[in-house]
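K.L.:
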Amino acid sequence: MQLAHNGVTGSDVTLPSGDVVIPRGAMIGGEWLATSGPDREICDPANGDMLATVSDADGRTVDLAVVAARSAFPAWAARSVASRSALLEDAANAIAANAAALAEIETLDTGKSLNQSVSDVRIAERYFRYYAHAAEHFFGDNVPSSEGMLVVTQREPYGVVAHITPWNAPISQLARGVAPSIAVGNTVVVKPSEHAPLSSLQLGEILREVLPAGVFNVIPGDGVTAGAALAAHPQIDHLTFTGSVTTGIAVAKAAAGNVVATNLELGGKSAAIVFADADLAAAVKSATGALIRNSGQSCSALTRFIVHRDIIEEFSDRLVASVEALTVGAGIDDPDVGPLISERQRQRVFGLVEEATSQGAQVLTGGPTAPDTPALSKGWFATPTVLGGVTAEMTIASTEVFGPVQSILVFDDEKDAVEIANSTEYGLAAAVFTSDITVATRVAQALEAGQVQINGFIGAGAEIPFGGVKHSGHGREKGFEALHGYTQVKTIVTHYSKR
Ligand code: NAD
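In the working numbering, the protein residues as written are 1070 to 1568.
Here you go:
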């Protein structure tokens, strides 16, 4: 333990790019404050070794953070857009300057491969840079109305925006919500997941030097204490929650108690429909990519491949070959697939694979096992798995697995394919692979999802709106949609008489 700042101790974390001290408290009002605990040990999912100790926030710390954000709000909102924009640029530069350390912390904390973390940190930087510029082009309207009336709308920040984030992509999801929030004049309180809080805390230290005190506050803590206190806090004005459906419903209810607006980014079971005329290489790449990205722990991952009967054998063979070529290892060694976040998550994944086989699915490769590699025995690794013969009725076809498992389903005609794709409670993302533009367009219209991609799939892109329908949530992140989401419209009607 080392002294980090303001009398708050921190954990000395050894990284390939050099050691860092990750503070043990909460960053509130530009200062590190000691939290009253309990202490939480944060472990490396690749080997179970302890990385750092953080002290969880309780309700009192949450309250201090919200008060700090509230008192910083008027001055931050009153700044010129150019001045806020310049500070967001500075934040992007500070992330870029610390990119190597942030990526290594993210990998050690979440288990994901280093090149994925490098990309996540780049995306985080990009969010701040994109919204620095986008906010300057975001404004209200002049509404044509009656003679003698000038009607204008202006976009106003909400005030204090709370962000509760999950563990699978902590730094990029934090930046995804925080950058547009503060770009339009809100101040924020972030509560990262207790399973992977380190990059968010380190970002607190980095942005403490850049943003005015109180604009960005970050508090470690679990869901039932810190998360619940934040969601129910009467002084927040907006809540963005990214996480599971069950928790999303709970936080939305808590926020509704104070008539606080919510943006819910919840789970997914994204489907891809592969027609017989598809570019199979592109489809197989996307199906494999879903197991690589965050070791399959991605909300938008395409985890149901609904494939035309004429090509199902060829698709399955090619996917199995592609998945069997994946390397599995500690994220810091930059394999294709790293460990899962916890033993609990791994057992959940194994359980879902076992249930699928008991319901009639076939394991085409992998299975509910750890890789047979002694060097990986201490970590929470799962063998990348492909299941064939999955049907829409099986549990695995409608349940989010959050692990490196791909399911293959078969279809005969377009109508059936769309029906299968739309048959879950989720509606986050979807894809269609075909060389027929008419089919692609028709299917994209019919799919119940907040985002549909044709003939490929990417997870990133600050400018590409993203969010769910059905139980995947409501509200949109990214692009200009997020700027709309983090502001409210005020209409001003001026009555004037003509000379
Ligand atoms: P989770 O719901 O368990 O936790 C998410 C966050 O909520 C954590 O910070 C947790 O501490 C907090 N929390 C838990 N209980 C709470 C409560 N009662 N009140 C307030 N906060 C509480 O989810 P997770 O396991 O961390 O993440 C996995 C889930 O997140 C998956 O379902 C995944 O699909 C979803 N997810 C969605 C997106 C998206 O953008 N749509 C992105 C990533 C993950």
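Just so it is clear, CB atoms sit at the ideal spot from N, CA and C, and this is done for glycine as well.
Keep in mind that this is a model prediction, so the values were computed, not measured.
With burial defined as no fewer than 16 other Cβ atoms inside 10 Å of the residue's Cβ, what is the status of histidine 1264: buried or exposed?
P.N.:
By 1-based counting over the sequence shown, the position of residue 1264 is 195. When all chains shown are included, histidine 1264 counts as buried.
K.L.:
Comparing C-alpha positions only, which one of Ser1152, Val1136 and Arg1191 sits nearest to asparagine 1162?
P.N.:
Within the sequence shown, residue 1162 is the residue found at index 93, counting from 1. Out of Ser1152, Val1136 and Arg1191, Arg1191 has the C-alpha closest to the C-alpha of asparagine 1162.
K.L.:
Between the Cα of alanine 1319 and the Cα atoms of Ile1233, Ile1361, Val1257 and Asp1402, which residue gives the shortest distance?
P.N.:
For the purposes of this step, residue 1319 is taken as residue 250 along the sequence shown, with counting starting at 1. Closest by alpha carbon: Ile1233.
K.L.:
Where does serine 1476 fall in DSSP's three states?
P.N.:
Within the sequence shown, residue 1476 is the residue found at index 407, counting from 1. It is a strand residue.
K.L.:
Say yes only if the C-beta of alanine 1323 is nearer than 8 Å to one or more non-hydrogen atoms of ligand 1, and no if none qualify.
P.N.:
Stepping through the sequence shown from its first residue, residue 1323 is reached at position 254. Under cutoff, so the answer is yes.
K.L.:
If you reduce the DSSP assignment to three classes, tell me which class glutamine 1416 lands in.
P.N.:
For this step, residue 1416 is matched to residue 347 along the sequence shown. The answer is helix: DSSP assigns glutamine 1416 an H, G or I state.
K.L.:
For glutamate 1334, is the beta carbon positioned less than 8 Å from some heavy atom of ligand 1?
P.N.:
Here residue 1334 corresponds to residue number 265 of the sequence shown, with the count starting at 1. It does: the Cβ of glutamate 1334 is within 8 Å (strictly closer) of some heavy atom of ligand 1.
K.L.:
Do glycine 1519 and valine 1538 have their C-beta atoms within less than 9 Å of each other?
P.N.:
In the sequence shown, residue 1519 corresponds to position 450, counting from 1. In the sequence shown, residue 1538 corresponds to position 469, counting from 1. Contact flag set, yes.
K.L.:
Using the beta-carbon count (16 or more within 10 Å), is leucine 1219 buried or exposed?
P.N.:
Within the sequence shown, residue 1219 is the residue found at index 150, counting from 1. Classification for leucine 1219: exposed.
K.L.:
Ignore the nearest five residues each way along the sequence and tell me which others in glutamine 1557's own chain have a CB closer than 7 Å to its CB.
P.N.:
For the purposes of this step, residue 1557 is identified with residue 488 of the sequence shown, where counting begins at 1. Same-chain partners within the cutoff: Glu1225 and Tyr1227.
K.L.:
Give me the Cβ distance between valine 1024 and alanine 1515, rounded to the nearest whole Å; I'm assuming they're in contact under 8 Å.
P.N.:
Absent from the structure is residue 1024, since the part of the chain shown begins at 1070 and ends at 1568.
K.L.:
How about alanine 1569 and isoleucine 1489: are their beta carbons less than 9 Å apart?
P.N.:
No answer is possible for residue 1569: the residues shown for the chain start at 1070 and end at 1568.
K.L.:
Spatial neighbours of serine 1446 within its chain, please: CB distance less than 8 Å, with the 5 preceding and 5 following residues excluded, ordered by chain position.
P.N.:
Here residue 1446 refers to the residue found at position 377 when the sequence shown is read from its first residue. Ala1439.
K.L.:
Which stretch, first to last residue, makes up the alpha helix (DSSP H) that contains proline 1249?
P.N.:
Your numbering for residue 1249 matches position 180 in the sequence shown. Where proline 1249 is concerned, the enclosing alpha helix (DSSP H) stretches over 1239-1252.
K.L.:
Leaving out five residues on either side along the sequence, give the residues of the same chain with a beta carbon under 7 Å from the beta carbon of glutamate 1100.
P.N.:
The residue given as residue 1100 occupies position 31 in the sequence shown. Taken in chain order, the residues that qualify are Asn1075.
K.L.:
Roughly how far, in whole angstroms, is the beta-carbon of proline 1114 from the beta-carbon of leucine 1409, given that I think they are within contact range, below 8 Å?
P.N.:
Taking the first residue of the sequence shown as 1, we reach residue 1114 at position 45. Taking the first residue of the sequence shown as 1, we reach residue 1409 at position 340. Right, the Cβ-Cβ distance comes to about 7 Å (below 8 Å), so this counts as a contact.
K.L.:
Under 9 Å, do valine 1287 and alanine 1500 count as touching if we go by C-beta distance?
P.N.:
If you number the sequence shown from 1, residue 1287 lands on position 218. If you number the sequence shown from 1, residue 1500 lands on position 431. It is not a contact, given that the beta carbons lie outside the stated cut-off.
K.L.:
So, for alanine 1529: in the same chain, excluding its five sequence neighbours on each side, which residues have a beta-carbon less than 6 Å away from its beta-carbon?
P.N.:
Here residue 1529 refers to the residue found at position 460 when the sequence shown is read from its first residue. The residues are Ile1192.
K.L.:
Could you pull the start and end residues of the beta strand (DSSP E) that arginine 1224 belongs to?
P.N.:
For the purposes of this step, residue 1224 is taken as residue 155 along the sequence shown, with counting starting at 1. Start and end: 1218-1226.
K.L.:
Under 8 Å: does the beta carbon of glutamine 1502 sit that close to some heavy atom of ligand 1?
P.N.:
Numbered from 1 along the sequence shown, position 433 holds the residue referred to as residue 1502. For the record, residue 1502 in the displayed sequence is phenylalanine; it is not glutamine. No, the beta carbon of phenylalanine 1502 sits no closer than 8 Å to any heavy atom of ligand 1.
K.L.:
Below 8 Å, is the gap between the Cβ of aspartate 1291 and the nearest heavy atom of ligand 1?
P.N.:
Here residue 1291 refers to the residue found at position 222 of the sequence shown. For ligand 1, at least one heavy atom lies less than 8 Å from the Cβ of aspartate 1291.
K.L.:
Please classify threonine 1311: does DSSP put it in a helix, a strand, or coil?
P.N.:
By 1-based counting over the sequence shown, the position of residue 1311 is 242. Of the three classes helix, strand and coil, the one that applies to threonine 1311 here is strand, per DSSP.
K.L.:
Do the region 1326-1340 and the region 1416-1424 make contact, defined as three or more Cβ pairs closer than 8 Å?
P.N.:
Short answer: they don't touch.
K.L.:
Using the Cα positions of alanine 1146 and lysine 1567, report the straight-line distance between them to the nearest angstrom.
P.N.:
Indexing the sequence shown from 1 puts residue 1146 at position 77. Indexing the sequence shown from 1 puts residue 1567 at position 498. C-alpha separation (whole angstroms): 35 Å.
K.L.:
Ignoring anything shorter than 3 residues or poking outside the region 1097-1169, list the beta strand (DSSP E) runs there in chain order.
P.N.:
The qualifying runs are 1100-1102, 1108-1112 and 1119-1124.
K.L.:
What are the start and end residues of the alpha helix (DSSP H) that includes threonine 1510?
P.N.:
Locating residue 1510 in the sequence shown gives position 441, counting from the first residue. Residues 1506-1515.
K.L.:
Hey, would you say the C-beta of isoleucine 1465 is under 8 Å away from at least one heavy atom of ligand 1?
P.N.:
Here residue 1465 refers to the residue found at position 396 when the sequence shown is read from its first residue. Isoleucine 1465 Cβ: outside cutoff for every heavy atom of ligand 1.
K.L.:
Does phenylalanine 1208 pass the burial test, meaning 16 or more other C-beta atoms within 10 Å, or should it be called exposed?
P.N.:
As a working note, residue 1208 is residue 139 in the sequence shown. Answer is exposed; the Cβ neighbour count stays below 16.
K.L.:
Do aspartate 1346 and threonine 1503 have their C-beta atoms within less than 9 Å of each other?
P.N.:
As a first step, residue 1346 is located in the sequence shown; it is residue number 277 there, counting from the start. As a first step, residue 1503 is located in the sequence shown; it is residue number 434 there, counting from the start. Their beta carbons are under 9 Å apart, which means aspartate 1346 touches threonine 1503 by this criterion.
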